[in-house]
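Step one of this worksheet: look at the structure below.
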Amino acid sequence: MLTAMRASELFAHTLREPPGEEEAPSARLLVQGAFVRKVMAGVFTLLPLGLRVLRKVERIVREEMDAKGAQEIRMPAILPSDPWKKTGRWQAYAAENLMFTLRDRHDRELGLGPTHEEVVTPLVDADVSSYRNLPLNLYHIQWKYRDEARPRSGLIRAREFLMKDAYTFDRDLEGLRVSYGKMVEAYKAIFSRSGLDFRVVEADPGLIGGDVNHEFMAPADVGEDLFVHCTSCDYAANVEAAEAAPAEEVDRGDLAPLEDVPTPGRATIEAVADLLGVPQGEVLKALVYRVGQELVAVLLPGDREVSESKLARAFAPDEVEMLGKADFERHGLAKGYVGPQGLDGVTIVADPTIRAGRDWVAGANKPDAHATGVNLERDFTVDRWEDVAAVREGDRCPRCDEGTLRVGRSIEVGHTFQLGTRYSEPLDATFVDEDGTEKHFMMGCYGIGVSRIISAVVEQHRDEQGIAWPRAVAPYHVVVIPTNMDQEEVVSVAERLYAGLVVGGVEVVIDDRDERAGVKFTDAELIGYPVAVVVGKRGLEAGSLEVRLRATGEQREVSVEDAAAALPGLVAEAP
RNA sequence: CGGGACGUAGCGCAGCUUGGUAGCGCGCAGCGUUCGGGACGCUGAGGUCGCGGGUUCAAAUCCCGCCGUCCCGACCA
């Protein structure tokens, strides 16, 4: 990568005003600062400045992956459909319309790769036959394609995006855990070096599958993911996966009698609670779903919401579908008045939080009536306990005694999975173990949104003036600003400094455009060079230059003679 | 996919309610002045008003359809 550039030649036309069609701060700044241009929704051209930032991130990723013994390969962006059909994901992705598909001249179905398990697994199956070649960790950095239902926030949810994905292959679970641990370490190093504030959280595996998995979340207002974290211990989880703390059992002595009360037209929790003058948390919410062939009533306190993702996971692989109005009638259920007592032919699934309640108000299973004094064991039994309630701010921490949970918004910049044999079994990818038997690879997979990191960094490092890049991913480290191109001394001192920095290997831009000083200052702040050196008449009269640190706003004088020698040190001080 | 907003010069916008043949600022080109926080004057180039259809003597403006972009939601490694 060239280390120096003249602003007069740089293809970087900053915009005076932010683009009207972008809302997310990072998207606005990346366009305004001439890092990217949008081609269509979720698809971007990287301009010279943006490409340099991307390459910086890639380099950090490579260094940390290589340091953990991962080996870089490059798999294609276009893929055959067959392996995807074997793992069931061709259908799964097609159902979500996530895969861009195309056909070749032989009318063969191809796809643009949204991820690469189906390529790497056959590769390793063909090339690795013995446990002696394990463990193995292969990664690549490749453009990924997903026809997202809603591309969003510039590079944060793009349809074409650069991803680093790694795949580990081990003999057994123990080996997988070791490989996984190394990748988690590598990820922490990568995000730290990129200048991101991040948290490791427990997550929902989604379409990828597998069991243990973690997300690496960069807190940011525009983030799409909600995660909870404990105020006193290090527990953190995506809300889709967050566990509830075990409920405290309530004393069941001296229960209220079971009685019906008329509640005409009060089919919602809120209306019933209002009418009877009880808190919504004392009304038992019963949601009816169809799961496979059976009907399921899910019970939870009236002031809690069900977590659709936890629910889907609890019943996987069966599909969970909310019951429609017509279905209620067909099954003789009173919509809005369902309660668990005497409910025949319906499986009762309860969230453990209801253990903490008693004397519930619940539907009376006939229109316009509720029952009061509804109690567990005495009036109804639970067929299955499942943690399906969405956690919320203020809930007790599931891991420690002191903390409560806080909710934060964040950008998912990385995701790691212990896949086990989720892919090696359907693709029948095996090796021969020490005992002579054939076994399926224990796999892990590990993704980083390389292009997404750029947005996440900007979201976390910006102010009114523009971007303030952390040095590690800044497009250039230093901008030299001659304040006036008409003053010979100013220009010659700036040019000499520039030449000195180039020789010293400093990544530097000289803003030699015939622009007024103000234009150069605002551009430097918008683009976000960590260090700016101002060469102007004012300073030269005192024999000095002005060095400004973008992130802190700190400003100091450096003598003209020392500048070239001192700058590498000053750059190293920049955050 | 449901809801909402928007689409007029490279960029940011006005004009649309009440139809009469397109305007402002920035940017761009030339000349001159200016020059340490987005200078100024003069001159100039630049537009299928997103696309298609309809109403009308006449459509950026009214009506219908489509496309695109952004936001909220559903969905999503």
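In our numbering, the protein residues as written are 74 to 648.
We put the CB at the ideal spot given by N, CA and C, even for glycine.
Bear in mind the structure is a predicted one, so any value in this text is a computation, not a measurement.
Practice prompt. Leaving out five residues on either side along the sequence, give the residues of the same chain with a beta carbon under 7 Å from the beta carbon of residue 217.
Written response: For residue 217, where only same-chain residues beyond five positions count, the Cβ hits under 7 Å are 186, 187, 188, 234 and 236.
Worksheet item: If you pair each beta-carbon of the segment 525–534 with each one of the segment 90–99, do three or more pairs fall below 8 Å?
Response: By the C-beta criterion, the segment 525–534 is judged to be in contact with the segment 90–99, since at least 3 inter-stretch pairs fall below 8 Å.
Worksheet item: Mind checking whether residue 238 and residue 213 have CB atoms under 8 Å apart?
Response: The Cβ atoms of residue 238 and residue 213 lie closer than 8 Å to each other.
Fill in: residue 136 versus residue 208: straight-line alpha-carbon distance, rounded
Spanning the two alpha carbons is a distance of roughly 20 Å.
Worksheet entry | Helix, strand or coil at residue 68 [DSSP, three-state] | In the structure displayed, the chain extends from 74 to 648; residue 68 sits before or after that span and is not available.
Worksheet entry | Delimiting residues of the beta strand (DSSP E) encompassing residue 386 | Boundaries for residue 386: no beta strand (DSSP E) harbours it, while the alpha helix (DSSP H) harbouring it runs 381–388, taken from the DSSP string.
Item to complete: Within 10 angstroms of the Cβ of residue 390, are there 16 or more other Cβ atoms? Answer buried if so, exposed if not.
Response: In summary, residue 390 is exposed, with fewer than 16 beta-carbon neighbours lying within 10 Å of its beta-carbon over all protein chains present.
Item to complete: Can you tell me the Cβ-Cβ gap for residue 518 and residue 190, rounded? I've got them flagged as a contact below 8 Å.
Response: About 6 Å separates the beta carbon of residue 518 from that of residue 190, a gap short enough to meet the 8 Å contact definition.
Worksheet item: Can you round the beta-carbon distance between residue 455 and residue 447 to whole angstroms, since I take them to be within the 8 Å contact cut?
Response: Actually they do not touch by this definition, with Cβ atoms about 13 Å apart.
Worksheet item: Rounded to a whole number of angstroms, what is the C-alpha to C-alpha distance between residue 612 and residue 573?
Response: Answer to the nearest angstrom: the Cα atoms are 19 Å apart.
Item to complete: Confirm, please, whether the CB-CB distance from residue 484 to residue 134 is below 8 Å.
Response: No, these two residues do not count as a Cβ contact at 8 Å.
Worksheet item: Residues bridged to residue 247 by DSSP?
Response: Partner(s): none; residue 247 has no beta bridge.
Practice prompt. Note down, in chain order, each residue of its chain lying with its Cβ closer than 6 Å to the Cβ of residue 567, except the 5 sequence neighbours on either side.
Written response: These residues qualify, in order along the chain: 553, 555 and 608.
Item to complete: Check the C-beta distance from residue 502 over to residue 197 and give it rounded, since I have them as a contact under 8 Å.
Response: The Cβ separation is near 6 Å, so the contact holds.
Discussion item. Since residue 437 and residue 333 should fall inside the 8 Å C-beta cutoff, what is the C-beta to C-beta distance between them, to a whole number of angstroms?
Written reply: With a beta-carbon spacing of about 5 Å, residue 437 and residue 333 fall inside the 8 Å limit used to define contacts.
Fill in: Separation of residue 642 from residue 598, as counted between CA atoms
Those two C-alpha atoms are separated by around 21 Å.
Item to complete: Using three-state DSSP, classify residue 175 as helix, strand or coil.
Response: Strand at residue 175.
Worksheet item: Relative to the ligand NAP, is the shortest distance from any of its heavy atoms to the C-beta of residue 229 smaller than 7 Å?
Response: Here there are no bound small molecules, and the ligand NAP is not part of this structure.
Discussion item. So for residue 591, helix, strand or coil by DSSP?
Written reply: Helix at residue 591.
Discussion item. Within a Cβ cutoff of 6 Å, which residues of the same chain sit near residue 166, ignoring the five residues on either side of it in sequence?
Written reply: Correct list, in chain order: 172.
Worksheet item: In chain order, what residues of the same chain lie with their CB nearer than 7 Å to the CB of residue 546, ignoring the 5 residues before and after it?
Response: Within the same chain, and ignoring the five residues on either side of residue 546 in sequence, the residues whose Cβ sits closer than 7 Å to its Cβ are 126, 129, 130, 267, 268 and 530.
Worksheet item: Secondary structure at residue 256, three-state DSSP: helix, strand or coil?
Response: Helix.
Discussion item. Let's see if you can read the secondary structure: which residues bound the alpha helix (DSSP H) around residue 349?
Written reply: Per DSSP, residue 349 belongs to the alpha helix (DSSP H) from 342–349.
Worksheet item: Where DSSP assigns a beta bridge to residue 503, which residues make up the other side?
Response: Answer is 513, bridged to residue 503.
Item to complete: Spell out a yes or no on whether the segment 411–430 and the segment 341–352 are touching, meaning 3 or more CB-CB pairs, one atom from each, closer than 8 Å.
Response: Two segments are said to touch when three or more pairs of C-beta atoms, one from each, lie closer than 8 Å; by this definition the segment 411–430 does not touch the segment 341–352.
Discussion item. I need the straight-line Cα distance from residue 168 to residue 222, nearest angstrom please.
Written reply: So the alpha carbons of these two residues sit roughly 12 Å apart.
Worksheet item: Where residue 470 and residue 313 are concerned, what is the direct C-alpha to C-alpha distance, given to the nearest angstrom?
Response: So the alpha carbons of these two residues sit roughly 15 Å apart.
Practice prompt. In angstroms with no decimal places, state the Cα-to-Cα distance between residue 301 and residue 250.
Written response: Between the alpha carbons of residue 301 and residue 250 lies a distance of about 25 Å.
Worksheet item: Starting from residue 362 and walking both ways along the beta strand (DSSP E), at which residues does that stretch end?
Response: It spans 357–364 - the beta strand (DSSP E) in which residue 362 sits, taken as one unbroken run.
Worksheet entry | Status (buried if at least 16 other CB within 10 Å, exposed otherwise) for residue 358 | Looking at its Cβ environment, which holds 16 or more other Cβ atoms inside 10 Å, residue 358 is buried.
Worksheet entry | Cβ separation of residue 604 and residue 622, assumed to be a contact under 8 Å, to the nearest whole Å | The Cβ separation is near 6 Å, so the contact holds.
Worksheet entry | residue 587 versus residue 558 - alpha carbon distance | Cα to Cα, residue 587 sits roughly 6 Å from residue 558.
Worksheet entry | residue 433, enclosing beta strand (DSSP E) - first and last residue | If you look at residue 433, you'll find it in the beta strand (DSSP E) that goes 433–436.
Practice prompt. Could you have a look at residue 308 and say whether DSSP puts it in helix, strand or coil?
Written response: It is coil, neither helix nor strand.
Discussion item. Are the CB atoms of residue 500 and residue 421 within a distance shorter than 8 Å?
Written reply: With a cutoff of 8 Å on beta-carbon distance, residue 421 and residue 500 are scored as not near each other.
Worksheet entry | Coil, strand or helix - residue 545 by DSSP | Looking at residue 545 - three-state DSSP - the assignment turns out to be helix.
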